[in-house]
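Heads up: the structure comes next, in structure tokens.
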Amino acid sequence: MLLPKMLRFINRFFSGTRLVSVLIFIGCAVAGSGIFAPVSAFAGDEAAFVEESETEDTFTSDPAESDTGAQDAGEFEEDWEASVDSGKKAEEPPGSAFTWRMEAAFENIIQTDREKHLEDAWKKNEVSALFEFQYGTADDYLFSLTGLYFFPTFLNDTIGDDYQYSSESNTCRNLRISGESSEVIFRELYYNVTRKKFRLRAGNQIYGWGTADFINATSYFNPSDFRELLFKDEDQVALGVPSVSGLFFLKGFTVETVFVPVHTASPYPDTGNFRAVKEVEGSYPLIFGDDDPMDANSKNFGYGARLAATREGVDFSFSGYHGPDHSPVLVPFSTVLIENQPVSILVQPEYFIVDYLGADASFARGDFTFQAEAAYSPNKSSFVKQDTTRPQDLTFPYDTEKTDYLAYSLGFNYFIPLQKILPGHAGESLFIMEWYQAQYFDDAVERPQITDFLTCRFQDTYLDDRISLSMTAIFETRNTGVILWPKIGYDFQNGFKVEAGYVSIDGHDEGDYRKDSIFSYYDDNDFIMVNVRYAFP
Amino acid sequence: MRFRNSYMVILMAAALGLVGCGEKSDDPGIFLSGTYALGPAVLSEDAPVLVALVSSIDRDALENHPRDVVIEYMVADRTTKTFRMDLSDKKISPDQDYYLFAFVDNKG
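First to last, the sequence lines map onto chains A and B.
Reminder that position 30 of the first sequence reads as 29 in numbering that gives the first Met the number 0, one-by-one numbering, no gaps.
Reminder that position 17 of the second sequence reads as 16 in numbering that gives the first Met the number 0, one-by-one numbering, no gaps.
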């Protein structure tokens, strides 16, 4: 087969320091003058997006289409729109247009452990570049959003010793190419064809189904990147899946259908990684197995459909899915005997076929926007509980069982009219609150690890949007845990932005994993993040 | 592309100020190491040798509440017939008795 050979070649090629050289080369190429034209450089480019907006506007009576349009633009949506608004509406160019943007970032994570030397506490030191390009006409185009990441080990190879992208060189089915110290992610790479009544896409795609701000119960398709837990930019958590989708614009509603021919696994922190769970109950050291996807065969195809409409100001949708579950069951699989190491438990991420039915809704009332989302499965898998107080009686691997499952989220956004309290305040003040709960109906199986989360965020901007402030609090109410995450940023408004944040993690821990907060596994992982970003154009 | 060095200096200063990390810790931790010899009952030289440190040798406690009495449970190095146990975070107390035993997992 040619494809596996190509993947192996790409895998070898991008492994290790060779990728760094490639990145530097690409960086030099982009930094060089005018090899490609940025999006704002050509009126034709803007026209392409004006045209796209108008195409989408044809269906703006339908909120689902609006959602999908937002999804299309990804994280640069606002900037695209700004670019469109600021330019004059030009005629559509007769030929194809090539537009691009990039954002480079230098990100640092420093553990706040005063006992540690700075080099030991400096857990992550990453250079990244996100490239977005689009080539074609407004209706027929190739779109790509690609992230390049590496640790500048040629500057200091002692920083970030216990942080790696992957324990070994690996090429995933969604073209996430990882090595220990570098990674390329083709987050989105698809070809789009839009006609009056439909839109087709083929390639790596991200599906932004659902209305929740933080955890989407109806996000069935895309694997989540859990290597940074929750502390990654929200638009970089979902990873694309190779798929074919069709969005059909019908009278008063839209239907989106998705077909995913091969399963893609969610990446988890490798054993020994700064973010990896080290042990549970203070007695069971953990080793995580490879996050292998399900076999590529017709039994593991994924199918889904979503019907979306607006009635009386309420945006709502219904969705269904059959295929591999996007989140694995972390099955205690066996004991691991490694010389000079404690006896450990191998935790193996395993995926199962699942069916989901879901629905979501949102509507605005005054300064509030309310959101609700739920998904039900009659056959979601989990592992069957065992009594961990008697290690000698544990049987490996743990059994798994299918059971009914329900997950839902309820929340609202409040656009605070702060200018009424602070005259002259021009920034947008927003308060977000969301409650998420997930539950298996069978008590014999282990409960979901991510459940009973109350997430609150306040965010605001000051001084003509130069200073941004946010405060995020995540409360785990079942076993009592809290994450506090204040963040401040300064936008130089010349492309550069500096951000600093502090993450405090605290969770109840009494040595019984059924009573321990999931946050307790990360109690010692409080950290500071300092990031510098540069967006161009 | 121009980048003002002063921004980087301010940024790094802020980062270092926020971290306030101390000097490298002088605490070497607590380790228990030793050697072992295999008796004639061992069926295979390749069978893993497990070493456990416990706070009690009461049979009932070991059988029914092992997590209360087993402090560390590790795999010895078969090549050198040694073991080295990291007890740094195990709340070892100087006024408590501890017991060390090893056994061979012939099924391993």
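All C-beta atoms in this analysis are idealised placements derived from N, C-alpha and C, irrespective of residue type, glycine included.
Selected residue, minimal CA-CA separation from G410/A, among K486/A, T210/A, E338/A
If you number the first sequence from 1, residue 410/A lands on position 411. Per the Cα distances, T210/A.
Backbone CA spacing between V531/A and D490/A [nearest angstrom]:
As a first step, residue 531/A is located in the first sequence; it is residue number 532 there, counting from the start. As a first step, residue 490/A is located in the first sequence; it is residue number 491 there, counting from the start. A direct Cα-to-Cα measurement between V531/A and D490/A gives close to 10 Å.
So, helix, strand or coil for A264/A, using DSSP?
For the purposes of this step, residue 264/A is taken as residue 265 along the first sequence, with counting starting at 1. In this structure, A264/A counts as coil in the three-state DSSP scheme.
Taking all protein chains shown into account, decide if I56/B is buried (16 or more other Cβ within 10 angstroms of its Cβ) or exposed.
The residue labelled residue 56/B in the question sits at position 57 within the second sequence. Classification of I56/B: exposed, given that the 10 Å Cβ count is below 16.
If A425/A sits next to D463/A, beta carbons under 8 Å apart, how far is it from one beta carbon to the other, in whole angstroms?
For this step, residue 425/A is matched to residue 426 along the first sequence. For this step, residue 463/A is matched to residue 464 along the first sequence. About 7 Å; that satisfies the 8 Å criterion.
Taking all protein chains shown into account, decide if E131/A is buried (16 or more other Cβ within 10 angstroms of its Cβ) or exposed.
Looking up residue 131/A in the first sequence gives position 132. Classification for E131/A: buried.
Among residues of its own chain, excluding the 5 on either side of N107/A, which ones have a beta-carbon nearer than 6 Å to its beta-carbon?
Taking the first residue of the first sequence as 1, we reach residue 107/A at position 108. Excluding residues within five positions, the ones whose Cβ falls inside 6 Å are N124, V529.
Flag S282/A as yes if its beta-carbon sits less than 8 Å from any beta-carbon of chain B, otherwise no.
Counting from 1 along the first sequence, the entry for residue 282/A is found at position 283. Output row for S282/A: interface = yes.
Would you kindly work out how many angstroms separate the C-alpha atoms of V243/A and V257/A, rounded to a whole number?
Translated into the one-based positions of the first sequence, residue 243/A becomes position 244. Translated into the one-based positions of the first sequence, residue 257/A becomes position 258. Cα to Cα, V243/A sits roughly 6 Å from V257/A.
Count the other C-beta atoms from every protein chain shown that fall within 10 angstroms of the C-beta of F535/A, then say buried if there are 16 or more, exposed otherwise.
Your numbering for residue 535/A matches position 536 in the first sequence. The residue in question, F535/A, is exposed, as its Cβ has fewer than 16 Cβ neighbours within 10 Å.
Ignore the nearest five residues each way along the sequence and tell me which others in A406/A's own chain have a CB closer than 6 Å to its CB.
Mapped onto the first sequence, residue 406/A falls at position 407. Cβ neighbours of A406/A beyond the five flanking positions: A216, A374, A437.
6 Å Cβ shell around A551/A - same chain, five flanking residues per side excluded:
Here chain A covers residues 0 to 536 and nothing more, so residue 551/A does not appear.
Once DSSP output is grouped into helix, strand and coil, what is the label at V330/A?
Taking the first residue of the first sequence as position 1, residue 330/A is located at position 331. Note: V330/A maps to strand in three-state DSSP.
Count Cβ pairs between the segment 41-54 of chain B and the segment 298-305 of chain A that sit closer than 8 Å; are there 3 or more?
no
Based on the DSSP secondary-structure assignment, which residues constitute the bridge partners of P341/A?
Taking the first sequence and counting its residues from 1, one reaches residue 341/A at position 342. Partner(s): M73/B.
Which word fits V83/A, buried or exposed, when buried means at least 16 other C-beta atoms lie within 10 angstroms of its C-beta?
Looking up residue 83/A in the first sequence gives position 84. Bear in mind that a pLDDT of 35 at V83/A, under 50, signals an unreliable position, so the model cannot answer this.
Does chain B have any CB closer than 8 Å to the CB of P390/A?
Walking along the first sequence from the start, residue 390/A turns up at place 391. P390/A counts as touching chain B.
Proximity below 8 Å, CB of S376/A to CB of Y404/A:
Along the first sequence, read from residue 1 onward, the residue named residue 376/A stands at position 377. Along the first sequence, read from residue 1 onward, the residue named residue 404/A stands at position 405. For S376/A and Y404/A, yes; Cβs fall inside 8 Å.
Spatial distance of Y413/A from E255/A (CA atoms):
Counting from 1 along the first sequence, the entry for residue 413/A is found at position 414. Counting from 1 along the first sequence, the entry for residue 255/A is found at position 256. So the two alpha carbons sit approximately 30 Å from each other.
Using a Cβ-Cβ cut-off of 8 Å, state whether N339/A counts as contacting chain B.
Numbered from 1 along the first sequence, position 340 holds the residue referred to as residue 339/A. Under the Cβ criterion of 8 Å, N339/A is counted among the residues facing chain B.
Can you list, in chain order, the residues of its chain whose CB lies under 6 Å from that of I431/A, leaving out five sequence neighbours each side?
As a working mapping, residue 431/A is identified with position 432 in the first sequence. Closer than 6 Å at Cβ, skipping near neighbours: D212, N412, R456.
Express the C-alpha separation of K106/B and M84/B in angstroms, rounding to a whole number.
In the second sequence, residue 84/B corresponds to position 85, counting from 1. In the second sequence, residue 106/B corresponds to position 107, counting from 1. Cα to Cα, the separation comes out at about 23 Å.
Spell out whether any CB of chain A is found under 8 Å from the CB atom of D165/B.
Look at the range of chain B in this structure, 0 to 107, and you will see that residue 165/B is not part of it.
Please decide whether E71/B counts as near chain A, where near means a Cβ-Cβ distance under 8 Å.
In the second sequence, the residue the question calls residue 71/B occupies position 72. By this cut-off, E71/B is an interface position.
Measure the beta-carbon distance from P341/A to P284/A and round it to whole angstroms, keeping in mind my assumption that it falls under 8 Å.
As a first step, residue 341/A is located in the first sequence; it is residue number 342 there, counting from the start. As a first step, residue 284/A is located in the first sequence; it is residue number 285 there, counting from the start. About 5 Å; that satisfies the 8 Å criterion.
Find the nearest neighbour of D112/A within the set F252/A, V236/A, Y501/A, P260/A, judged by alpha-carbon distance.
As a first step, residue 112/A must be located in the first sequence, where it is residue number 113. Checked all of F252/A, V236/A, Y501/A, P260/A; the closest Cα to D112/A is Y501/A.
Using a Cβ-Cβ cutoff of less than 7 Å, which residues in the same chain neighbour I91/B once the five nearest sequence positions on both sides are dropped?
On the second sequence, residue 91/B is found 92 positions in, with the first residue counted as 1. Here the set comprises I29.
In this structure, what does DSSP give as the bridge partners for V531/A?
Here residue 531/A refers to the residue found at position 532 of the first sequence. Bridge partners of V531/A: F105/A, V497/A.
Hey, F142/A and Y189/A: beta-carbon distance below 8 Å or not?
Here residue 142/A refers to the residue found at position 143 when the first sequence is read from its first residue. Here residue 189/A refers to the residue found at position 190 when the first sequence is read from its first residue. Contact flag set, yes.
Does the Cβ-Cβ distance between T50/B and L61/B come in under 8 Å?
Position 51 of the second sequence, counted from the first residue, corresponds to residue 50/B. Position 62 of the second sequence, counted from the first residue, corresponds to residue 61/B. One point to set straight first is that residue 50/B is Val, not Thr, in the sequence displayed. Result no, Cβ atoms of V50/B and L61/B do not sit closer than 8 Å.
Beta-carbon proximity list for F495/A, same chain, < 6 Å, skipping 5 on both sides
The count along the first sequence starts at 1 and reaches residue 495/A at position 496. So the list reads Y533, once near-sequence residues are dropped.
Please state whether the Cβ-Cβ distance between D234/A and A264/A is less than 8 Å.
Residue mapping note: residue 234/A aligns to position 235 of the first sequence, counting from 1. Residue mapping note: residue 264/A aligns to position 265 of the first sequence, counting from 1. With a cutoff of 8 Å on beta-carbon distance, D234/A and A264/A are scored as not near each other.
If you follow the alpha helix (DSSP H) that R537/A is part of, which residue opens it and which one closes it?
Any answer about residue 537/A is impossible in this case: the structure gives chain A only from 0 up to 536.
Within this structure, are the beta carbons of A295/A and V240/A separated by less than 8 Å?
Numbered from its first residue, the first sequence carries residue 295/A at position 296. Numbered from its first residue, the first sequence carries residue 240/A at position 241. Their beta carbons are not under 8 Å apart, which means A295/A does not touch V240/A by this criterion.
Return the first residue and the last residue of the alpha helix (DSSP H) that A60/B is part of.
Here residue 60/B corresponds to residue number 61 of the second sequence, with the count starting at 1. Per DSSP, A60/B belongs to the alpha helix (DSSP H) from 58-63.
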